[in-house]
Amino acid sequence: MAKKPAKRKKLRILEGSAAIAEIIKTVSPAVVSAYPITPQTHIVEKLAKFKVDGGADYEYVRAESEFAAASIILGAAAAGQRVYSATSSQGLLLMTEVLFNIAGLRLPAVITCANRAISAPINIWNDHADVMAIRDAGWLQFFATDQQEAVDQHLLAYKVAEKLSLPAMVNVDGYILTHALGPVMLPEKKLVKQYLPDYRPAAGTYLDPDRPLTRGAFFGPASYMETRARLHDDLVSAQKIIEKEYRLLRQTLKTPSPVAGFDDGLVAYYGPKNPETILIGLGSMVGTMRETARRRPHIGVLAIKVYRPFPGETIGKIIRRADNVAVLEKAISLGEGGPLYGDLKAALGKNSLNLKNYIVGLGGRDVTEEIIAAIIDDAGRQNEILKFYGQI
Amino acid sequence: MPRNSRHENNKKLNLTAPGSSLKNRTGTWRTARPKTDYRACLACGLCAKICPEGCIIMAAAKSRTGKTPAKARPVTDYAYCKGCGLCAAECPAKAIKMVKDY
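Those sequence lines, one after another, are chains X and R. At position 169 of the first sequence the residue is numbered 169 (my numbering), and the sequence of numbers has no breaks. At position 3 of the second sequence the residue is numbered 395 (my numbering), and the sequence of numbers has no breaks.
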């Protein structure tokens with residue numbers, strides 16, 4: 001008998017926040033706890049509404065601050081439950097202490113960060129200063145280039161986090177992805193369940209009155225260092241698992257691929273084999289970079305989709321074919337330079353001499369095609385390494 | 393899960409069985425040790441109640457005749473006493489003195 005043709009799920013035009021809230025509802029964590037902060041608010045607002053309307057089975061715990069929200073999901077995760085929270089900017093900074101604890105306790109929490117600038121001066125628009133402040137906390141860091149990828153990365157984040165007992169953060173650009181509408185295909189619940197089964201940690205590995213244990217007790221100088229080394233090693237080796245799980249995700253969910261070109265879940269490359277210039281970036285500006293490169297056949301665009309663990313080896317293989325490399329960043333380590341640029345320099349060693357660093361789009365300033373075209377021209381010239389681009 | 397890999401997994405997750413804090417003998421942190429003069433001690437038990445580490449227990453001493461009831465007296469566990477000096481500060485009979493422990 002002929003197989004019935006698979007029903008094609010229609011693309012929907014959704015706000016990024018709505019798409020993320022929908023997929024979290026499908027993933028059905030046991031506990032959701034969050035504190036509203038712009039531009040993340042729409043996500044948790046929708047999750048709260050699903051709960052009130054009776055369409056969701058998670059417990060929605062209202063918190064008095066982001067510190068409390070992070071602590072609530074820490075506790076629930078330690079009790080062996082799947083958890084979710086979302087935050088932004090100042091909220092992420094207020095969570096910082098708890099974020100380090102979640103990683104140190106090896107809890108597979110998943111948080112969405114709607115990336116936003118950091119005060120002062122107060123600014124509610126998009127850049128990557130917030131996540132860069134906690135990049136060393138021991139979390140897996142995903143960066144979504146569009147709304148569809150944000151949906152897919154949440155599933156990938158849960159899968160990898162629960163497999164490796166590591167927390168994961170999915171970064172989506174505030175407003176540009178959270179508030180803008182885009183084409184999204186939401187995978188069916190059946191397929192999501194197939195890819196991401198219910199979370200059932202082994203008995204005796206979570207807090208349970210029937211099986212008392214201590215998690216993350218006092219570790220003195222004789223044992224603390226080993227826990228950090230283990231956490232680092234596990235994060236580094238997570239790259240292989242992410243690649244594998246990303247392949248499986250593509251096969252299972254059949255959501256549209258974000259880019260025609262090389263894409264292993266860690267990085268995505270679009271462009272010619274031997275480009276004159278490669279543009280590297282994180283998050284939504286990669287879309288504009290690809291659009292700019294579409295009319296310039298000698299330009300390649302490399303999106304870094306997983307920033308921690310840092311896929312330095314894969315990046316090295318791709319960019320060594322280019323004459324010039326422009327690293328575009330929406331963040332700056334003040335007094336040093338772009339954090340991604342620093343990581344690339346360290347990972348590539350003597351192969352990184354052609355790298356130049358462009359700080360763009362801070363505090364929500366548009367990163368336009370004109371700016372990117374000017375950067376392409378500049379990347380080939382002999383002049384200073386670090387520049388702020390797009391100043392008026 | 394086989395025994396060895398379970399052990400490895402617990403290590404990775406920093407899991408420990410109950411009672412592990414007993415392995416951490418905090419007595420080495422001490423720079424001053426409380427010394428109790430049992431002739432002055434009233435056996436009121438205040439030191440045992442206020443010790444933040446729970447290091448003082450009121451233990452029944454044998455009476456000379458071997459008959460009970462014997463007067464209980466505070467016994468400090470120096471393996472864990474951090475030498476904070478709260479017992480000495482609060483003793484109503486001034487029976488506890490802090491002496492140098494290094």
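Note that beta-carbon positions come from the ideal geometry of N, C-alpha and C, so glycine has one too. These numbers were taken from a predicted model, which means no experiment stands behind them.
> Thinking C-alpha only, which one of X:N101, X:T145, X:A129 is nearest S284 of chain X?
Replying inline: Translated into the one-based positions of the first sequence, residue 284 of chain X becomes position 284. Selected option, being the one with the closest Cα: X:T145.
> In chain R, which residues lie with their C-beta within 9 Å of the C-beta of L105 of chain X?
Replying inline: By 1-based counting over the first sequence, the position of residue 105 of chain X is 105. Correct list: L405, N406.
> Which stretch, first to last residue, makes up the alpha helix (DSSP H) that contains M132 of chain X?
Replying inline: Stepping through the first sequence from its first residue, residue 132 of chain X is reached at position 132. Taken as a continuous stretch (DSSP letters only), the alpha helix (DSSP H) holding M132 of chain X covers 129 to 133.
>> If you follow the alpha helix (DSSP H) that D233 of chain X is in, where does it begin and where does it stop?
In response: For the purposes of this step, residue 233 of chain X is taken as the residue at position 233 of the first sequence. 224 to 253 is the span of the alpha helix (DSSP H), which, as asked, contains D233 of chain X.
> Looking at the C-beta of S412 of chain R, does it have a partner C-beta in chain X at a distance below 7 Å?
Replying inline: Start at 1 with the first residue of the second sequence, and residue 412 of chain R comes out as number 20. At least one C-beta of chain X is nearer than 7 Å to the C-beta of S412 of chain R.
> With respect to the beta strand (DSSP E) encompassing R62 of chain X, which residues constitute its N-terminal and C-terminal limits?
Replying inline: Taking the first sequence and counting its residues from 1, the one referred to as residue 62 of chain X is at position 62. Start and end: 59 to 62.
> Can you list the residues of chain X that A409 of chain R reaches, using a CB-CB cut of under 9 Å?
Replying inline: By 1-based counting over the second sequence, the position of residue 409 of chain R is 17. Simply P212, L213, T214.
> Going along chain R in order, which residues have a C-beta closer than 8 Å to the C-beta of A217 of chain X?
Replying inline: Position 217 of the first sequence, counted from the start, is the residue given in the question as residue 217 of chain X. Result: N406, T408, S412, S413.
> At a CB-CB cut-off below 8 Å, which residues of chain R make contact with S89 of chain X?
Replying inline: Numbered from its first residue, the first sequence carries residue 89 of chain X at position 89. Chain R residues near S89 of chain X: none, gap ~30 Å exceeds 8 Å.
> Buried or exposed: which applies to P209 of chain X, given that a residue is buried once 16 or more other Cβ atoms fall within 10 Å of its Cβ?
Replying inline: By one-based count along the first sequence, residue 209 of chain X stands at place 209. So P209 of chain X counts as exposed.
> Since R417 of chain R and C473 of chain R are thought to touch, with beta carbons under 8 Å apart, how far apart are those beta carbons, to the nearest angstrom?
Replying inline: On the second sequence, residue 417 of chain R is found 25 positions in, with the first residue counted as 1. On the second sequence, residue 473 of chain R is found 81 positions in, with the first residue counted as 1. About 10 Å separates the two Cβ atoms, so there is no contact after all.
>> According to DSSP, P503 of chain R sits in a beta bridge with which residue or residues?
In response: Nothing about residue 503 of chain R can be read from this structure; chain R reaches only from 393 to 494.
> For A70 of chain X, which of X:L11, X:V83, X:K25 has the nearest alpha-carbon?
Replying inline: The residue you call residue 70 of chain X lines up with position 70 of the first sequence. Ranking the options by Cα distance to A70 of chain X, first place goes to X:V83.
> First and last residue of the alpha helix (DSSP H) that includes C439 of chain R?
Replying inline: If you number the second sequence from 1, residue 439 of chain R lands on position 47. 438 to 442 is the extent of the alpha helix (DSSP H) around C439 of chain R.
> Interface residues of chain R around T314 of chain X at Cβ under 9 Å?
Replying inline: Start at 1 with the first residue of the first sequence, and residue 314 of chain X comes out as number 314. Per Cβ cutoff of 9 Å: no residues; T314 of chain X is ~26 Å from chain R at best.
> Is the segment 56 to 66 of chain X touching the segment 190 to 204 of chain X in the sense that three or more CB pairs, one from each, lie closer than 8 Å?
Replying inline: no
> If you drop the 5 nearest sequence neighbours on each side, which residues of the same chain put their C-beta closer than 6 Å to that of Q141 of chain X?
Replying inline: As a position in the first sequence, residue 141 of chain X is number 141, starting the count at 1. M169, Y307, R308.
> Cα separation between I376 of chain X and T255 of chain X?
Replying inline: Numbered from its first residue, the first sequence carries residue 376 of chain X at position 376. Numbered from its first residue, the first sequence carries residue 255 of chain X at position 255. Distance between the alpha carbons of I376 of chain X and T255 of chain X: 32 Å.
> Can you list, in chain order, the stretches of the alpha helix (DSSP H) that have 4 or more residues and sit fully within the segment 120 to 196 of chain X?
Replying inline: 129 to 133, 147 to 164, 189 to 195
> Between the beta-carbon of D127 of chain X and the beta-carbon of A117 of chain X, is there less than 7 Å?
Replying inline: Your numbering for residue 127 of chain X matches position 127 in the first sequence. Your numbering for residue 117 of chain X matches position 117 in the first sequence. In this structure, A117 of chain X lies closer than 7 Å to D127 of chain X by Cβ.
>> Below 8 Å, how does it come out for the segment 242 to 261 of chain X and the segment 179 to 189 of chain X: are there three or more Cβ pairs, yes or no?
In response: By the Cβ test, the segment 242 to 261 of chain X is in contact with the segment 179 to 189 of chain X, since at least three Cβ pairs between them sit closer than 8 Å.
>> Taking only three categories from DSSP, how would you classify M1 of chain X?
In response: Here residue 1 of chain X refers to the residue found at position 1 of the first sequence. Because M1 of chain X sits at a pLDDT of 44, beneath the cut-off of 50, its placement in the model cannot be relied upon, and the point is left open.
> Anyone know if the C-beta pair for M95 of chain X and A331 of chain X falls short of 7 Å?
Replying inline: In the first sequence, counting from the first residue as 1, residue 95 of chain X sits at position 95. In the first sequence, counting from the first residue as 1, residue 331 of chain X sits at position 331. No, the Cβ-Cβ distance between M95 of chain X and A331 of chain X is not below 7 Å.
>> Below 8 Å on the Cβ atoms is my contact criterion, and I expect K427 of chain R with V491 of chain R to pass it. Report the Cβ-Cβ distance as a whole number of Å.
In response: The sequence position of residue 427 of chain R within the second sequence is 35, counting from 1. The sequence position of residue 491 of chain R within the second sequence is 99, counting from 1. Their Cβ separation, rounded to whole angstroms, is 5 Å, which keeps K427 of chain R and V491 of chain R in contact under 8 Å.
> Does the distance from the CB of A150 of chain X to the CB of V172 of chain X come in under 7 Å?
Replying inline: The residue labelled residue 150 of chain X in the question sits at position 150 within the first sequence. The residue labelled residue 172 of chain X in the question sits at position 172 within the first sequence. Contact flag set, yes.
> Under the DSSP definition of a beta bridge, which residues are partnered with A268 of chain X?
Replying inline: Against the first sequence, residue 268 of chain X aligns to sequence position 268. DSSP, once it has assigned bridges, lists X:D263, X:A303 as partnering A268 of chain X.
>> Among X:G80, X:A77, X:R62, X:I124, whose alpha-carbon lies nearest the alpha-carbon of S396 of chain X?
In response: No answer is possible for residue 396 of chain X: it lies beyond the span of chain X, which begins at 1 and ends at 392.
> Which chain R residues sit within Cβ distance under 7 Å of R82 of chain X?
Replying inline: The residue labelled residue 82 of chain X in the question sits at position 82 within the first sequence. Result: empty, since nearest Cβ-Cβ is about 16 Å, beyond 7 Å.
>> Between which two residues does the beta strand (DSSP E) holding Y358 of chain X run?
In response: Within the first sequence, the letter at position 358 stands for residue 358 of chain X. Where Y358 of chain X is concerned, the enclosing beta strand (DSSP E) stretches over 355 to 359.
>> For a cutoff of 7 Å on Cβ pairs, would you count R295 of chain X as touching chain R?
In response: Translated into positions along the first sequence, residue 295 of chain X becomes position 295. At least 7 Å separates the CB of R295 of chain X from every CB of chain R.
> Using the C-alpha atoms, what's the distance from C447 of chain R back to G475 of chain R?
Replying inline: On the second sequence, residue 475 of chain R is found 83 positions in, with the first residue counted as 1. On the second sequence, residue 447 of chain R is found 55 positions in, with the first residue counted as 1. Spanning the two alpha carbons is a distance of roughly 10 Å.
> Can you tell me whether K356 of chain X is buried or exposed, with buried defined as 16 or more other CB within 10 angstroms of its CB?
Replying inline: The sequence position of residue 356 of chain X within the first sequence is 356, counting from 1. It is buried - the Cβ of K356 of chain X has at least 16 other Cβ atoms within 10 Å.
>> Measuring straight from C-alpha to C-alpha, what distance separates S223 of chain X and S352 of chain X?
In response: Here residue 223 of chain X refers to the residue found at position 223 when the first sequence is read from its first residue. Here residue 352 of chain X refers to the residue found at position 352 when the first sequence is read from its first residue. Using only the alpha carbons, I get a separation of about 37 Å.
> What did DSSP end up calling S85 of chain X once you bin it into helix, strand or coil?
Replying inline: Position 85 of the first sequence, counted from the start, is the residue given in the question as residue 85 of chain X. Of the three classes helix, strand and coil, the one that applies to S85 of chain X here is strand, per DSSP.
> Since M490 of chain R sits in a beta bridge, which residues does DSSP pair it with?
Replying inline: Here residue 490 of chain R corresponds to residue number 98 of the second sequence, with the count starting at 1. DSSP lists R:P426 as partners of M490 of chain R.
> For A103 of chain X, which of X:L231, X:K49, X:I24 has the nearest alpha-carbon?
Replying inline: In the first sequence, the residue the question calls residue 103 of chain X occupies position 103. Looking at the Cα atoms, X:L231 is the closest of the given residues.
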